[in-house]
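Colleague: Numbering (this note's numbering), first residue to last: 21 to 464.
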Amino acid sequence: MRIRFLRAFLLASAVLLLFATTASAASTTPPPHVLAVHLASDINPVTQEYLDGQISRAEKDHDAAVVIVLDTPGGLSSSMRGMVKRFLSATVPVIMYVSPPGSSADSAGAVITMASDLAAMAPQTNIGSSTPISLGGGNINSDLRRKVINDAAAYVGELAREHNRNVLAARRMVTKASNYGAREAKRIGLVEAIAPTLPALLDQINGRRTPPKTSAPHGLVLHTAGAEIEDVHMSFWQRARNLLIDPNLIELMLSIGLIGIVVELWNPGLILPGTVGAISLILGLYGLQVLPVSLAGLLLMLLAAGFFVADAFFPTHGALTLAGAVTFVLGSLILFDPAGPAYHVSLPVALSIAGTIAVLLGFAVTRVVRVARNPVAVGASQLVGIEAVVRRDGIVALNGELWRAHTPDDSPLVPGEHVRVEEVQDDLQLVVGSVPRDNGEEPS
Numbered sequence: 021m022r023i024r025f026l027r028a029f030l031l032a033s034a035v036l037l038l039f040a041t042t043a044s045a046a047s048t049t050p051p052p053h054v055l056a057v058h059l060a061s062d063i064n065p066v067t068q069e070y071l072d073g074q075i076s077r078a079e080k081d082h083d084a085a086v087v088i089v090l091d092t093p094g095g096l097s098s099s100m101r102g103m104v105k106r107f108l109s110a111t112v113p114v115i116m117y118v119s120p121p122g123s124s125a126d127s128a129g130a131v132i133t134m135a136s137d138l139a140a141m142a143p144q145t146n147i148g149s150s151t152p153i154s155l156g157g158g159n160i161n162s163d164l165r166r167k168v169i170n171d172a173a174a175y176v177g178e179l180a181r182e183h184n185r186n187v188l189a190a191r192r193m194v195t196k197a198s199n200y201g202a203r204e205a206k207r208i209g210l211v212e213a214i215a216p217t218l219p220a221l222l223d224q225i226n227g228r229r230t231p232p233k234t235s236a237p238h239g240l241v242l243h244t245a246g247a248e249i250e251d252v253h254m255s256f257w258q259r260a261r262n263l264l265i266d267p268n269l270i271e272l273m274l275s276i277g278l279i280g281i282v283v284e285l286w287n288p289g290l291i292l293p294g295t296v297g298a299i300s301l302i303l304g305l306y307g308l309q310v311l312p313v314s315l316a317g318l319l320l321m322l323l324a325a326g327f328f329v330a331d332a333f334f335p336t337h338g339a340l341t342l343a344g345a346v347t348f349v350l351g352s353l354i355l356f357d358p359a360g361p362a363y364h365v366s367l368p369v370a371l372s373i374a375g376t377i378a379v380l381l382g383f384a385v386t387r388v389v390r391v392a393r394n395p396v397a398v399g400a401s402q403l404v405g406i407e408a409v410v411r412r413d414g415i416v417a418l419n420g421e422l423w424r425a426h427t428p429d430d431s432p433l434v435p436g437e438h439v440r441v442e443e444v445q446d447d448l449q450l451v452v453g454s455v456p457r458d459n460g461e462e463p464s
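So this is what it looks like as structure tokens:
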């Protein structure tokens, strides 16, 4: 009897000890970790790289999920397809959350939402308007339009079908440019959830299983209740790169680079215009490297630059400048391949830049013509007695030109001092002396 009692006591003690150990382990288990990646920008190579890196980080850290907090007007089709492929190959659940209220997932943003494992929206948000458009923001014509729209509709429809969403509504976002508010999108089965905040969303979707995909044939179960949320934003360098690929900014950088180099060619030795021009040109070329560029547009831009530079050396009286301005505008408008409304140079910007360049070069050409019509003595002896201004020791400004100069006794020249040419040497160096004061005395 005692033996039986002892066995029962030991068994009960073991069960209680196991229960206590399990409860203690459960209480010390850290909450699931969710990476909230904020994307409030266009869809382009920079943002594609940003999302790719964060999804890879979530996979490496074995996070419960990666949530993309989205607000975008759309962007490049090539970057959109790259994002879709990354979502489909991810080994962690990829959740798309159109948020905060007032945000939208338009155009390419709607397509990547259809590729996510779970799509959700905050109240007062919308999704859709994915009809492909031309470079200038208008309709694509005839057979090309049908080809592009049918391709895009099939693409987004297949993504919706594989994620158990409303295929017809998804296709209408392309074929009819349909756009749906959050509640309607939820009602028709275009998204799975509506939640006012991210914590509320994570609690709401906890325990759901995502649709199967190549990297997860049986789907992925979401364990997101009470998750620890880590917010991630684009770094300063990523934001700077994202800014530099704005088409209008690229156009401006190329224009500043062109003006700076032309000014430096006209006035060698100024340094500042050439330096600013070179830096601007490099920044503009970086943007051209990232975005898809039309070869015809690029050639027209180069031809315009050639016209502007040539007008500085040939007496065309502004004809080449005018031709360059017209060519510049035409090249600007077709510089980028059709890639959505956010990736084209606006006509007002192109006209403003071309007009500014034409005015600046026209002013310079006018001065050249005026000088040509007023004959001047160019003999070296005619420079004797003319007053000059010292720019720095050894250099003086004379009749708008920079000359090498020195004093008779080789004493230093003081910048800003007015001097008078006394002699022109055979090597075209000037010998200068101080300008006498009004009382006839030499300055001390």
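By construction, the Cβ of each residue, glycine as well, lies at the ideal position given by its N, Cα and C atoms.
Given the structure is predicted, the values throughout are model-derived calculations rather than measurements.
Residue range of the alpha helix (DSSP H) that M193 falls in?
Modeller: Counting from 1 along the sequence shown, the entry for residue 193 is found at position 173. Counting along the chain, the alpha helix (DSSP H) containing M193 begins and ends at V187 to T195.
Colleague: I believe E182 touches P231 by the beta-carbon criterion, under 8 Å. Please report the beta-carbon distance rounded to the nearest angstrom.
Modeller: Counting from 1 along the sequence shown, the entry for residue 182 is found at position 162. Counting from 1 along the sequence shown, the entry for residue 231 is found at position 211. Indeed, because the Cβ distance is near 6 Å, the residues count as touching under 8 Å.
Colleague: Quick check on the DSSP output: what are the complete beta strand (DSSP E) runs of length 3 or more inside the stretch 97-163, in order along the chain?
Modeller: Fully enclosed beta strand (DSSP E) runs of 3 or longer: 114-118, 124-126, 138-141 and 146-148.
Colleague: Mind checking whether A139 and E204 have CB atoms under 8 Å apart?
Modeller: Numbered from its first residue, the sequence shown carries residue 139 at position 119. Numbered from its first residue, the sequence shown carries residue 204 at position 184. Result no, Cβ atoms of A139 and E204 do not sit closer than 8 Å.
Colleague: For L350 and L218, I'd like the C-alpha separation in whole angstroms.
Modeller: Looking up residue 350 in the sequence shown gives position 330. Looking up residue 218 in the sequence shown gives position 198. Cα to Cα, L350 sits roughly 47 Å from L218.
Colleague: Note down, in chain order, each residue of its chain lying with its Cβ closer than 7 Å to the Cβ of N184, except the 5 sequence neighbours on either side.
Modeller: Start at 1 with the first residue of the sequence shown, and residue 184 comes out as number 164. P231.
Colleague: Would you kindly work out how many angstroms separate the C-alpha atoms of M100 and A56, rounded to a whole number?
Modeller: As a working note, residue 100 is residue 80 in the sequence shown. As a working note, residue 56 is residue 36 in the sequence shown. Looking at the two C-alpha atoms, the distance is approximately 19 Å.
Colleague: Within 10 angstroms of its Cβ, does F328 collect 16 or more other Cβ (buried), or is it exposed?
Modeller: What you label residue 328 is simply residue 308 of the sequence shown in a count that begins at 1. Counting Cβ neighbours within 10 Å, F328 comes out buried, since at least 16 surround it.
Colleague: Please report the Cβ distance between Y200 and I281, rounded to the nearest whole angstrom; I am assuming they are in contact, meaning their Cβ atoms lie under 8 Å.
Modeller: One-based indexing of the sequence shown puts residue 200 at position 180. One-based indexing of the sequence shown puts residue 281 at position 261. Not quite, the Cβ-Cβ distance comes to about 50 Å (not below 8 Å), so this is no contact.
Colleague: Touching or not, the stretch 105-124 and the stretch 75-91, by the rule of three or more beta carbon pairs under 8 Å?
Modeller: Touching, yes, given that three or more Cβ pairs across the two stretches are closer than 8 Å.
Colleague: Along the chain, where does the beta strand (DSSP E) that runs through S454 open and close?
Modeller: Translated into positions along the sequence shown, residue 454 becomes position 434. Start and end: L450 to S454.
Colleague: Spell out the partners DSSP gives V87 in its beta bridges.
Modeller: Position 67 of the sequence shown, counted from the start, is the residue given in the question as residue 87. Beta-bridge pairing links V87 to A56 and I115.
Colleague: Which two residues bound the contiguous beta strand (DSSP E) that contains G472?
Modeller: No answer is possible for residue 472: it lies beyond the span of the chain, which begins at 21 and ends at 464.
Colleague: Suppose you measure from the CA of V168 to the CA of L301; what does that come to, to the nearest Å?
Modeller: The residue given as residue 168 occupies position 148 in the sequence shown. The residue given as residue 301 occupies position 281 in the sequence shown. C-alpha separation (whole angstroms): 34 Å.
Colleague: Note down the Cα distance separating S119 from I279, rounded to an integer number of angstroms.
Modeller: Residue 119 sits at position 99 when you count from the first residue of the sequence shown. Residue 279 sits at position 259 when you count from the first residue of the sequence shown. Looking at the two C-alpha atoms, the distance is approximately 43 Å.
Colleague: Would you decide whether Q68 is buried or exposed? Buried here means 16 or more other CB atoms lie within 10 Å of its CB.
Modeller: If you number the sequence shown from 1, residue 68 lands on position 48. It is buried - the Cβ of Q68 has at least 16 other Cβ atoms within 10 Å.
Colleague: Note down the Cα distance separating G344 from A325, rounded to an integer number of angstroms.
Modeller: For the purposes of this step, residue 344 is identified with residue 324 of the sequence shown, where counting begins at 1. For the purposes of this step, residue 325 is identified with residue 305 of the sequence shown, where counting begins at 1. Rounded to whole angstroms, G344 to A325 spans 7 Å at the Cα level.
Colleague: I believe L90 touches G122 by the beta-carbon criterion, under 8 Å. Please report the beta-carbon distance rounded to the nearest angstrom.
Modeller: Here the question's residue 90 lines up with position 70 in the sequence shown. Here the question's residue 122 lines up with position 102 in the sequence shown. About 13 Å; that fails the 8 Å criterion.
Colleague: Going by the CB atoms, is the gap between N262 and V66 shorter than 8 Å?
Modeller: Counted from its first residue, the sequence shown places residue 66 at position 46. Counted from its first residue, the sequence shown places residue 262 at position 242. Taking 8 Å as the Cβ cut-off, V66 and N262 qualify as a contacting pair.
Colleague: State buried or exposed for H58, treating a residue as buried only when at least 16 other CB atoms are found within 10 Å of its CB.
Modeller: Here residue 58 refers to the residue found at position 38 when the sequence shown is read from its first residue. By the 10 Å Cβ count, H58 comes out buried.
Colleague: Excluding the five sequence neighbours on either side, which residues of its own chain have a C-beta within less than 7 Å of the C-beta of Q224, listed in chain order?
Modeller: Your numbering for residue 224 matches position 204 in the sequence shown. Once the five neighbours on either side are set aside, the close Cβ partners of Q224 are A213 and A215.
Colleague: Between which residues of its own chain and I415 is the CB-CB distance below 6 Å, once the five residues before and five after are set aside?
Modeller: As a first step, residue 415 must be located in the sequence shown, where it is residue number 395. Excluding positions up to five away in sequence, the list reads L422.
Colleague: Using the beta-carbon count (16 or more within 10 Å), is S255 buried or exposed?
Modeller: Translated into the one-based positions of the sequence shown, residue 255 becomes position 235. Exposed, by the Cβ-count rule.
Colleague: I265 and G307: beta carbons closer than 8 Å?
Modeller: Residue mapping note: residue 265 aligns to position 245 of the sequence shown, counting from 1. Residue mapping note: residue 307 aligns to position 287 of the sequence shown, counting from 1. Yes, these two residues count as a Cβ contact at 8 Å.
Colleague: Nearest by alpha-carbon distance to A411: which of A247, I291, A220 and V434 is it?
Modeller: In the sequence shown, the residue the question calls residue 411 occupies position 391. Sequence inspection shows Arg at residue 411; the Ala mentioned does not correspond to that position. With distances taken between Cα atoms, R411 lies closest to V434.
Colleague: Between which two residues does the beta strand (DSSP E) carrying L418 extend?
Modeller: Reading the sequence shown from its first residue, position 398 is the one you call residue 418. Per DSSP, L418 belongs to the beta strand (DSSP E) from I415 to L418.
Colleague: Assuming contact is defined by CB atoms lying nearer than 8 Å, are A172 and V187 in contact in what I supplied?
Modeller: Locating residue 172 in the sequence shown gives position 152, counting from the first residue. Locating residue 187 in the sequence shown gives position 167, counting from the first residue. Cβ atoms of A172 and V187: not closer than 8 Å.
Colleague: Classify T341 as helix, strand or coil using the three-state DSSP reduction.
Modeller: Taking the first residue of the sequence shown as 1, we reach residue 341 at position 321. Correct three-state label for T341: helix.
Colleague: Ends of the beta strand (DSSP E) at E442?
Modeller: Counted from its first residue, the sequence shown places residue 442 at position 422. Where E442 is concerned, the enclosing beta strand (DSSP E) stretches over H438 to V444.
Colleague: Does the separation of the CB atoms of A125 and T151 fall below 8 Å?
Modeller: The residue you call residue 125 lines up with position 105 of the sequence shown. The residue you call residue 151 lines up with position 131 of the sequence shown. No. Outside cutoff.
Colleague: With a threshold of 6 Å on Cβ separation, who are the neighbours of R259 within its own chain once the five nearest residues in sequence on each side are excluded?
Modeller: Within the sequence shown, numbered from 1, the residue matching residue 259 stands at position 239. Contacts found: none.
Colleague: Should G246 be labelled buried (16 or more other beta-carbon atoms within 10 Å of its own) or exposed?
Modeller: Counting from one through the sequence shown, the residue named residue 246 turns up at place 226. Label assigned to G246: exposed.
Colleague: Classify L422 as helix, strand or coil using the three-state DSSP reduction.
Modeller: For this step, residue 422 is matched to residue 402 along the sequence shown. Three-state DSSP puts L422 in a strand.
Colleague: Measure the CB-CB distance between A417 and L450 and report whether it falls below 8 Å.
Modeller: The count along the sequence shown starts at 1 and reaches residue 417 at position 397. The count along the sequence shown starts at 1 and reaches residue 450 at position 430. The answer is no: Cβ separation not under 8 Å.
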